[in-house]
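Colleague:
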Amino acid sequence: MKIIGIVIVLLLGAMLLLAVVVSFSSTSHSELKGSTNQKLTTFMNKTASKKHFSGVVLVAKDGKAIFEKSYGLANIEAGVPNRTDTEFRIASLTKSFTAISILQLENEDKLKTTDSISKYIKGFPDGNKITIHDLLIHSSGVVDHTKYTDPTKPITLSAFIDLMKQQKLKFPPGTKFDYSDTGYMILAYIIEKVSGESYGNYLRDHIFIPAGMHHTFLREADAPNMALGYENLKRTVMTEDESQLAGAGDIISTADDMLKYDNAIHSYKLLPPEKVEKMWTGYIDSAPYGIFKYGYAWNVADNLISFRRPLVEHNGNLPGFKSDLADFVNDRLTVIILSNNNGAWKSGALSRELASICFGKRYWFYQNYF
Numbered sequence: 001m002k003i004i005g006i007v008i009v010l011l012l013g014a015m016l017l018l019a020v021v022v023s024f025s026s027t028s029h030s031e032l033k034g035s036t037n038q039k040l041t042t043f044m045n046k047t048a049s050k051k052h053f054s055g056v057v058l059v060a061k062d063g064k065a066i067f068e069k070s071y072g073l074a075n076i077e078a079g080v081p082n083r084t085d086t087e088f089r090i091a092s093l094t095k096s097f098t099a100i101s102i103l104q105l106e107n108e109d110k111l112k113t114t115d116s117i118s119k120y121i122k123g124f125p126d127g128n129k130i131t132i133h134d135l136l137i138h139s140s141g142v143v144d145h146t147k148y149t150d151p152t153k154p155i156t157l158s159a160f161i162d163l164m165k166q167q168k169l170k171f172p173p174g175t176k177f178d179y180s181d182t183g184y185m186i187l188a189y190i191i192e193k194v195s196g197e198s199y200g201n202y203l204r205d206h207i208f209i210p211a212g213m214h215h216t217f218l219r220e221a222d223a224p225n226m227a228l229g230y231e232n233l234k235r236t237v238m239t240e241d242e243s244q245l246a247g248a249g250d251i252i253s254t255a256d257d258m259l260k261y262d263n264a265i266h267s268y269k270l271l272p273p274e275k276v277e278k279m280w281t282g283y284i285d286s287a288p289y290g291i292f293k294y295g296y297a298w299n300v301a302d303n304l305i306s307f308r309r310p311l312v313e314h315n316g317n318l319p320g321f322k323s324d325l326a327d328f329v330n331d332r333l334t335v336i337i338l339s340n341n342n343g344a345w346k347s348g349a350l351s352r353e354l355a356s357i358c359f360g361k362r363y364w365f366y367q368n369y370f
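Using UniProt numbering, the final residue of the sequence shown is 370, and nothing's skipped along the way.
Next comes the structure, spelled out in structure tokens:
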């Protein structure tokens, strides 16, 4: 019986290993010729042609763009092309701005990430058990607020908090990863409560202006060169009201402004080094097999997926829009992708393919995740 048990264990182990091997694949771009810029141009021209990629791609080395091109149309019906200064919804990339705001307030001793949210929100269910840290790493257990309200209608952060006070948690805080826009809306409310400023004004004064981001907005009405959104080239309209995305997905920006943002983080204009390190530390698994851990609004990796180089990355996804910012920290290689044709490319995959061209390395990817 012992031998049978050992055989079963070995077979199960072999099956698990096979599943992992099957899940991962790799590719290289050794067929591409010329300079790095020429290789990137050739690859993206094919991608735009075959997959109908529409948007802007920017690759930067040491904080300076070495490749930046626009593809497709900002308005298909009117025939208006995307330009490198076209504005796009960056969706969940917004969350990193919220995380930085929280860390700025912590740096000023106005709050601590270890604080329970009951310190700032009275009457929140189990608020004494939920920390700001839990909200930042998506382990708070809060429910999706859109199940209890009409997401197409405007909502104030105060009304949103009143709504959330009526809901029970899905699971005990800190016990698992559960991606939550709602958690980041709660953080936006805490930012307002602690700073005494509206969330939008806080971002403007403490992030946008210091970073030199002059083409970054929270409202579509303020974005004069914003692309329309499409799903596989079919016009789509985001039905969710912008206020329902506060702190989680409401920012509109350009590729150039997002590079300024990335540079401002690296130059410590927004946070001191110890807070950047805290933000870019992985605290909880956010992908299968531990290939990514989640920091404060950044996925963190240093393994086969990231060419065995430290990588921080986040992407965004909304109807008609998709975004990605991948920062290979030690190499100072940054890939920024903003798109208005959702469905034409996989988040994460395209940025790492572009990085593989720059590094001259084979690109490994997890088939079911990226």
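Quick reminder that beta carbons are idealized off the backbone N, C-alpha and C, glycines included.
Computed from a predicted model, the values in this text were never measured in an experiment.
1. Just to check my reading of the structure: N107 and P210 have Cβ atoms closer than 8 angstroms, yes? What is that Cβ distance to the nearest angstrom?
2. Quick one: Cα of P37 to Cα of G348, how far?
3. When you compare the region 141-150 with the region 175-189, are there three or more beta-carbon pairs, one atom per stretch, that lie closer than 8 angstroms?
4. Please report how far the alpha carbon of F177 lies from the alpha carbon of S139, in whole angstroms.
5. When the Cα of S306 is compared with those of S323, K278, R362, which residue comes out closest?
6. By how many angstroms is the C-alpha of L218 removed from the C-alpha of I251?
7. Give me the residue from P319, G320, F321, N315 with the minimum Cα distance to D327.
8. Compute the Euclidean distance between the alpha carbons of A301 and A65, then round it to the nearest angstrom.
9. Whole angstroms is fine: what's the gap from V21's alpha carbon to S198's?
10. Taking A287 as part of the beta strand (DSSP E), name the residues at either end of that continuous run.
11. Given a threshold of 16 other Cβ atoms within 10 Å of its Cβ, counted over all protein chains shown, does E353 qualify as buried or as exposed?
12. Taking G72 and A48 to be in contact with their CB atoms under 8 angstroms, please state how far apart those CB atoms are, rounded to whole angstroms.
13. Work out the CA separation of I90 and V80 for me, nearest whole Å.
14. In whole angstroms, what separates the C-alpha of I130 from that of S101?
15. Report the partner residues of A301 according to the DSSP bridge assignment.
16. Hey, quick one: how far does the beta strand (DSSP E) through residue 373 stretch, first residue to last?
17. Could you tell me the boundaries of the beta strand (DSSP E) in which G55 lies?
18. Report yes if the CB atom of E242 is closer than 8 angstroms to the CB atom of E220, and no otherwise.
19. Inspect the beta-carbon positions of I284 and I117 and report whether they are closer than 8 angstroms.
20. Could you say if the region 159-172 and the region 200-207 meet the contact criterion of at least three C-beta pairs nearer than 8 angstroms?
21. Hey, how far is the Cα of C358 from the Cα of R308?
22. Could you tell me whether the region 82-98 touches the region 254-272, where touching means 3 or more Cβ pairs closer than 8 angstroms?
23. Answer yes or no: do D134 and G174 have a C-beta to C-beta separation smaller than 8 angstroms?
24. For Y294, count neighbouring C-beta atoms within 10 Å of its own C-beta (all shown protein chains included) and say buried if the count is 16 or more, exposed if not.
25. Do N299 and N317 have their C-beta atoms closer together than 8 angstroms?
26. Just list the alpha helix (DSSP H) runs in the region 82-113, keeping only unbroken ones of 4 residues or longer that don't cross its boundaries, in chain order.
Modeller: Quick answer:
1. With 8 angstroms as the limit, N107 and P210 do not qualify as a contact, their Cβ atoms being about 14 angstroms apart.
2. Here residue 37 turns out to be Asn, not Pro, going by the sequence shown. When only Cα atoms are considered, N37 and G348 end up about 20 angstroms apart.
3. As far as the Cβ criterion goes, the region 141-150 touches the region 175-189, which means the pair count is three or higher.
4. Taken atom to atom, the span from the alpha-carbon of F177 to that of S139 is near 5 angstroms.
5. When each option's Cα is compared against that of S306, the closest is R362.
6. Those two C-alpha atoms are separated by around 5 angstroms.
7. The candidate whose alpha carbon is nearest that of D327 is N315.
8. C-alpha separation (whole angstroms): 23 angstroms.
9. With a pLDDT of 39 at V21, under the threshold of 50, the modelled position of that residue is not reliable, and the figure given next carries that caveat. Those two C-alpha atoms are separated by around 49 angstroms.
10. From DSSP, A287 is part of no beta strand (DSSP E); its letter is neither H nor E.
11. Classification of E353: buried, given that the 10 Å Cβ count is 16 or more.
12. That pair is a contact at about 7 angstroms.
13. Distance between V80 and I90, taken at the CA atoms: about 20 angstroms.
14. Between the alpha carbons of I130 and S101 lies a distance of about 19 angstroms.
15. Checking the DSSP bridge columns, you'll see A301 partnered with L311.
16. Any property of residue 373 remains undetermined from this structure, which presents the chain solely from 1 to 370.
17. Unbroken beta strand (DSSP E) run through G55: 55-61.
18. Going by C-beta atoms, E242 is nearer than 8 angstroms to E220.
19. Not in contact: I284 and I117 (Cβ atoms no closer than 8 angstroms).
20. With the cut-off at 8 angstroms, the region 159-172 and the region 200-207 do not touch.
21. Taking the straight line joining both Cα atoms gives about 14 angstroms.
22. In short, these stretches touch, since the Cβ pair count reaches three.
23. A Cβ-Cβ contact shorter than 8 angstroms links D134 with G174.
24. By the Cβ neighbour-count rule, Y294 is buried, with 16 or more other Cβ atoms within 10 Å of its own.
25. No, they are not a contact pair.
26. 94-107, all fully within the region 82-113.
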